[in-house]
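To start, the structure under review is shown below, and the notes come after it.
Number of protein chains: 2
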Amino acid sequence: MVTRTDAPTRREQILKEAARLFAERGFHGVGVDEIGAAVGISGPGLYRHFPGKDAMLAELLVGISGQLLTGAKRRLAEADGDTRPSAVLDSLIEGHIDFALDDRPLITLHDRELDRLRDSDRKLVRQLQRQYVELWVEVVRDVYPGLSEPSARSAVHSVFGLLNSTPHLGRAGTLPGRGATAALLHRMARGAFEAAGEG
Amino acid sequence: MVTRTDAPTRREQILKEAARLFAERGFHGVGVDEIGAAVGISGPGLYRHFPGKDAMLAELLVGISGQLLTGAKRRLAEADGDTRPSAVLDSLIEGHIDFALDDRPLITLHDRELDRLRDSDRKLVRQLQRQYVELWVEVVRDVYPGLSEPSARSAVHSVFGLLNSTPHLGRAGTLPGRGATAALLHRMARGAFEAAGEG
DNA sequence: CAGCGAGGTTAGCGGTCGTTAACCTGATGG
DNA sequence: CCATCAGGTTAACGACCGCTAACCTCGCTG
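The listed protein sequences derive, respectively, from chains A and B. Using our numbering, the first residue of the first sequence is number 60, and each one after it goes up by one. Using our numbering, the first residue of the second sequence is number 60, and each one after it goes up by one.
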């Protein structure tokens, strides 16, 4: 993991706050003035960093999908060939959980505001998402050969729903600690796949 | 199940179309003129049936939460006492799946547009949701006594995420049929709880 | 030290949207 | 047969919002 020590750029600040606000109140529910205020500048100042409000959402969504896919490909490559399929699946699950726990606003945006994108951006995001899903499907079918492809795809989407439920888990107060939560989610995901494979 | 034979009232038409549009493009992304057009009347004509756009969303969300809770209570009462706890859980799961498969737009709205409500409405919806969750938590802990209450609550939220993933499953074309999908979701939910209980 | 570009500011334009006002119409019932 | 009312219509208002224009102010750098 590459740990950053330098301060975040203004651009990164903006993206982070925009993600939080979009997740809280929806893309159309947030004004540019609010995003500006959240980083200490006022509305139109944002246009020195982004060509428009849409561009912020686009960059966020493309970034998320890209990160997820890249991470999954890396994990797949690291396990290259010799490892048990089940370990690869565990690695994918772990990666997705890390993401879901560390970037809850992004997880929220990811399946909520996709339709607010320009056509070209939306197509790009969907393509990245599809690749990510297909990658999971192959790994899952490797572990549970009894699953048909449509069933595996449904199962993968459902497990994403399970893992992406993190924003609904109490606001960090009532949670039994990050490690325990991650472990619980991991077990449940495996259990769900297991049960799907027994059809 | 009470089957309706009479035609839907205009009011019901409006709610149904509004739900669909809100789910597709978000509450703020849909104009009253579009909602009107969807039922064959024009924008302001809606105000003969609802005091405002907010009221439609409110009625939808309160209705959903209420239906879910009522259905769950009924199922719990029907199983009263003598049945195995595991059968009660199966009944809850079945009810939730029916809802998730039959009313996808509502499921989408349910966890997406809650923050767009007036304070009083939002409190009401949250209270209904909380009761629904607590009802599940008790049943789950009855079946898996090893689960702590916080873990059970997390597990319930996660399974909701799993079951509510139906809008992401292909648009009825690629799906292996409703029965098969319901069965798959049911198995996965049970598998997830099972795995959670083994912690 | 002049000049310039990066990164702000405020004022304001143009469009959209929720809502209201005023008006119309056809069915209903005394 | 007329009054009423439910359920529409169009016009328009006021607020808000994304974005642009015009201007300002530093910190560099030749």
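Glycine residues also receive a C-beta, built at the ideal position from the N, C-alpha and C atoms. Predicted model, so just to flag it, every value in this text is computed and none were measured.
Query                                                                                                                                                                : Result
By DSSP, does B/F158 sit in helix, in strand, or in coil?                                                                                                            : helix
Quick one: Cα of A/L135 to Cα of A/L116, how far?                                                                                                                    : 29 angstroms
Counting only the same chain and skipping the five closest in sequence on each side, list residues whose C-beta sits under 6 angstroms from that of A/F109.          : M115
Taking Cβ to Cβ, would you say A/K112 is nearer than 8 angstroms to A/V91?                                                                                           : yes
Determine, using beta carbons only, whether A/G85 and A/G95 come nearer to each other than 8 angstroms.                                                              : no
Under 8 angstroms by Cβ, that's how I've got A/A255 and B/M247 pegged, so tell me the actual separation to the nearest angstrom.                                     : 5 angstroms
Would you verify that the beta carbon of A/F109 is, or is not, closer than 8 angstroms to some beta carbon of chain B?                                               : no
Check each candidate in A/R249, A/R212, A/D149 and name the one with the smallest Cα separation from B/T240.                                                         : A/R212
Express the C-alpha separation of A/V199 and A/L173 in angstroms, rounding to a whole number.                                                                        : 26 angstroms
Using beta-carbon positions only, say whether B/V215 and B/V184 come within less than 8 angstroms of one another.                                                    : no
Keeping to the same chain, check which residues put their C-beta closer than 8 angstroms to that of B/L187; ignore five residues upstream and five downstream.       : V121, S124, G125, L127, L128
Measuring only the C-alpha atoms, how far is A/V192 from B/L222?                                                                                                     : 18 angstroms
Quick check: what's the CA-CA separation for B/A77 versus A/L206?                                                                                                    : 38 angstroms
According to DSSP, is A/P204 part of a helix, a strand, or is it coil?                                                                                               : coil
Quick one: which chain A residues come within Cβ less than 7 angstroms of B/H169?                                                                                    : Within 7 angstroms Cβ-Cβ: nothing; B/H169 doesn't reach chain A, min ~11 angstroms.
Express the C-alpha separation of A/P209 and B/P226 in angstroms, rounding to a whole number.                                                                        : 15 angstroms
Taking DSSP as the reference, what is the three-state secondary structure of B/E257?                                                                                 : coil
Name, please, each residue of chain A whose Cβ falls closer than 7 angstroms to the Cβ of B/M247.                                                                    : A214, S217, A251, A254, A255
Between A/A131 and A/G154, how many whole angstroms is the CB-CB distance? I'm expecting something under 8 angstroms.                                                : 6 angstroms
For chain A, check one thing: does any of its Cβ atoms lie closer than 8 angstroms to the Cβ of B/R84?                                                               : yes
Would B/S224 pass as an interface residue toward chain A - the criterion being a Cβ-Cβ separation below 8 angstroms?                                                 : yes
How many angstroms separate the CA atom of B/V264 from the CA atom of A/L194?                                                                                        : Since the first residue of chain B shown is 60 and the last is 258, residue 264 of chain B is not available in this structure.
Just the Cα atoms here: how many angstroms apart are B/A146 and A/R133?                                                                                              : 43 angstroms
How far does the alpha helix (DSSP H) with B/V121 in it reach, from first residue to last?                                                                           : 112-137
Considering only their Cβ atoms, is the gap separating A/G236 from B/E253 smaller than 8 angstroms?                                                                  : no
Beta carbons nearer than 7 angstroms to chain B: which residues of the region 188-214 of chain A have them?                                                          : P209, S210, S213, A214
State the CB to CB distance for the pair B/S179 and A/F219, rounded to an integer number of angstroms; the pair is presumed to be in contact (CB under 8 angstroms). : B/S179 to A/F219, Cβ: 34 angstroms. No contact.
Report the option in B/L119, B/F81, B/A82 whose CA atom is closest to the CA atom of B/R70.                                                                          : B/L119
Just to check my reading of the structure: B/L80 and B/E93 have Cβ atoms closer than 8 angstroms, yes? What is that Cβ distance to the nearest angstrom?             : 6 angstroms
Just tell me which of A/S101, A/P144, A/R163, A/L148 has its CA closest to the CA of A/R230.                                                                         : A/R163
Please classify A/D65: is it buried, with 16 or more other beta-carbons within 10 angstroms of its beta-carbon, or exposed?                                          : exposed
Taking 8 angstroms as the CB-CB cut-off, is B/H87 touching chain A?                                                                                                  : yes
Going along chain B, which residues have a C-beta under 9 angstroms from A/L26?                                                                                      : Lying outside 60 to 258, the shown extent of chain A, residue 26 of chain A is not represented and no answer is given.
Using three-state DSSP, classify B/P226 as helix, strand or coil.                                                                                                    : helix
How many Å lie between A/Q72 and A/P144 at the Cα?                                                                                                                   : 39 angstroms
Between the C-alpha atoms of A/D149 and B/I100, what's the straight-line distance to the nearest angstrom?                                                           : 53 angstroms
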